[in-house]
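J.: A single structure is presented below for examination.
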Amino acid sequence: MLYLHRFNKVQQKTVQASHHTGLTIIELLVAIGIIGIAFVAVWGLLSSSLGISALQKQTFNATAIAQETMEALRNFRDGVAWNNDDAADILDGLGIRVAGNYYHPVKTGSGSPLQWGLIPGQETINGFTRGILFSNVFRDGNDNISISGTADPDTKKAEIVVSWNHRGQTYQVRLVTYLTNWK
0 MLYLHRFNKV QQKTVQASHH TGLTIIELLV AIGIIGIAFV AVWGLLSSSL
50 GISALQKQTF NATAIAQETM EALRNFRDGV AWNNDDAADI LDGLGIRVAG
100 NYYHPVKTGS GSPLQWGLIP GQETINGFTR GILFSNVFRD GNDNISISGT
150 ADPDTKKAEI VVSWNHRGQT YQVRLVTYLT NWK
């Protein structure tokens, strides 16, 4: 009888050992699943972060192009008479520029100081498209700028637009200023 009792204990230990092995495999599979889900989440976060970083860099570059365009436009306005009519249409003054059309700046000489001109259309620079959109300006009875009223021939609204594509979506930076015939 003693022998039978020992045999039952050995059998119980064997059953218990294989039961623990089964739990260890299940625990291992659950741990691998949790690690896999965490890895996918971290990978998605990293990918999103890199995309946002690239978009921020592009926005910074587009803003720099827009600011450069604004400075070229001011330089142009200061160097060309308001109603100048150039035969080549590069140095036409702001007073005769057509509202609603895009223009972009071009260098017209290599002298010092640099002189800028404006030609019709938009320009693409390193994947960024830039243009200056002119609008006529109106004034109300108090001589304030308004959406309607009396046309002001000595003031133009200029909107600098720089656009680019990022991951199939179009983004824009816009700067707006009013330029006057101050001379």
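Residue 182, in numbering that gives the first Met the number 0, is where the sequence shown stops; the numbers in between run on with no holes.
Don't be surprised by glycine CBs; every beta carbon is placed ideally from N, CA and C.
Remember, it's a predicted structure, so these values are computed and weren't measured experimentally.
Quick one: residues in its chain with C-beta nearer than 6 angstroms to the C-beta of L1, no 5 flanking neighbours on either side, listed in chain order?
T.: With a pLDDT of 48 at L1, under the threshold of 50, the modelled position of this residue cannot be trusted, and the question is left open.
J.: Consult DSSP for N83 and reduce its assignment to one of helix, strand or coil.
T.: Residue state, collapsed to three classes: coil.
J.: DSSP beta-bridge partners for F75?
T.: DSSP, once it has assigned bridges, lists no residue as partnering F75.
J.: How about A150 and F133: are their beta carbons less than 8 angstroms apart?
T.: No, Cβ-Cβ distance for A150 and F133 is not below 8 angstroms.
J.: Would you call the segment 69-82 and the segment 173-180 touching, i.e. three or more CB-CB distances under 8 angstroms?
T.: Because the criterion of three Cβ pairs below 8 angstroms is met, the segment 69-82 and the segment 173-180 touch.
J.: Work out the CA separation of Y170 and N135 for me, nearest whole Å.
T.: One C-alpha to the other measures close to 26 angstroms.
J.: Tell me the DSSP bridge mates of W115?
T.: Per DSSP, K106.
J.: Assuming G92 and V79 are in contact, meaning their beta carbons sit under 8 angstroms apart, how far apart are those beta carbons, in whole angstroms?
T.: Their Cβ separation, rounded to whole angstroms, is 5 angstroms, which keeps G92 and V79 in contact under 8 angstroms.
J.: Buried or exposed: I34, going by 16 or more other Cβ atoms within 10 Å of its Cβ?
T.: Exposed: under 16 other Cβ atoms inside 10 Å.
J.: Just how far apart, CA to CA, sit S47 and G120?
T.: S47 and G120: Cα-Cα distance of roughly 35 angstroms.
J.: Consult DSSP for W163 and reduce its assignment to one of helix, strand or coil.
T.: It is a strand residue.
J.: Going by DSSP, which residues form a beta bridge with V175?
T.: DSSP, once it has assigned bridges, lists E158 as partnering V175.
J.: Can you tell which of V97, I118 and V161 has the C-alpha that lies nearest to the C-alpha of K106?
T.: The residue with the shortest Cα to Cα distance from K106 is I118.
J.: Quickly, what does DSSP pair A168 with across the bridge? List them, please.
T.: Ala is not the amino acid found at residue 168; the sequence shown has Gln there. Answer is H165.
J.: Using the Cβ count rule (16 or more neighbours within 10 Å means buried), how would you classify W181?
T.: The residue is exposed, with fewer than 16 neighbouring Cβ atoms inside 10 Å.
J.: CA-CA distance, W163 and S147?
T.: Distance between the alpha carbons of W163 and S147 is about 32 angstroms.
J.: Please state if the CB of A53 and the CB of H165 are separated by a distance shorter than 8 angstroms.
T.: Their beta carbons are under 8 angstroms apart, which means H165 touches A53 by this criterion.
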